[in-house]
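Engineer:
Residue numbers (the working numbering): 200 to 382.
(1) Which first and last residues belong to the beta strand (DSSP E) in which residue 244 is found?
(2) Applying the 10 Å Cβ sphere with the 16-neighbour rule, what's the burial state of residue 357?
(3) According to DSSP, which residues form a beta bridge with residue 342?
(4) For residue 281, does the count of other Cβ atoms within 10 angstroms reach 16, so buried, or fall short, so exposed?
(5) Answer yes or no: do residue 305 and residue 250 have a C-beta to C-beta separation smaller than 7 angstroms?
(6) Rounded to whole angstroms, how far is the Cβ of residue 265 from the Cβ of residue 279, which I believe are closer than 8 angstroms?
(7) Count the other CB atoms within 10 Å of the CB of residue 248; is the residue buried (16 or more) or exposed (fewer)?
(8) What separation, rounded to the nearest whole angstrom, lies between the Cα atoms of residue 370 and residue 255?
Below, the structure is given as structure tokens:
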């Protein structure tokens, strides 16, 4: 059986592991971009902010202007189509390994905000990222409410970008190593 010392130890330690993982309070605000301290390195929110702000000031009033607005960013837009109340864009990520998806999605988010600011009315933007094949390997979506909140000054570019970045999904392409396990 158990000795009185062992029983006392179990009684004293009961519940100690219950608090593990609860040291930090739960995040009650989202997005958190404006709550984080400044760091001496470029963060993804900095890239998002810069490119969103650059495109949000553009004069974009329709789907054709939206499709042609990204020449500066070397985006190869395959199509822009409206399906009911959702605008959809497909583009080829030409600099997949140099920059990644956020570098391309940020100006698209800024362009979408500019398009909505001109009076264009949709509920969301659906983004499909294609590779050079072209095969779909990623996606993102932007709720029109986020873009409108950004246009009205309720969200900063960092906060808007953080919301958009949270929707990005993509397949990972790990680097290929040129050796076999037998070598």
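Backbone N, C-alpha and C fix where the C-beta goes; we use that ideal spot for every residue, glycine too.
Structural biologist: Reading it off the structure:
(1) Within the chain shown, the letter at position 45 stands for residue 244. Counting along the chain, residue 244 falls outside any beta strand (DSSP E), though it belongs to the alpha helix (DSSP H) covering 243 to 255.
(2) Indexing the chain shown from 1 puts residue 357 at position 158. By the neighbour-count rule (16 or more Cβ atoms within 10 Å), residue 357 is buried.
(3) Position 143 of the chain shown, counting from 1, holds the residue named residue 342. Note: residue 342 sits in a beta bridge opposite 323.
(4) Numbered from 1 along the chain shown, position 82 holds the residue referred to as residue 281. It is exposed - the Cβ of residue 281 has fewer than 16 other Cβ atoms within 10 Å.
(5) The count along the chain shown starts at 1 and reaches residue 305 at position 106. The count along the chain shown starts at 1 and reaches residue 250 at position 51. Residue 250 sits close to residue 305, with the two beta carbons spaced by under 7 angstroms.
(6) The sequence position of residue 265 within the chain shown is 66, counting from 1. The sequence position of residue 279 within the chain shown is 80, counting from 1. Confirmed, about 6 angstroms.
(7) Residue numbering aside, residue 248 sits at position 49 when the chain shown is read from its first letter. By the 10 Å Cβ count, residue 248 comes out buried.
(8) Within the chain shown, the letter at position 171 stands for residue 370. Within the chain shown, the letter at position 56 stands for residue 255. Looking at the two C-alpha atoms, the distance is approximately 28 angstroms.
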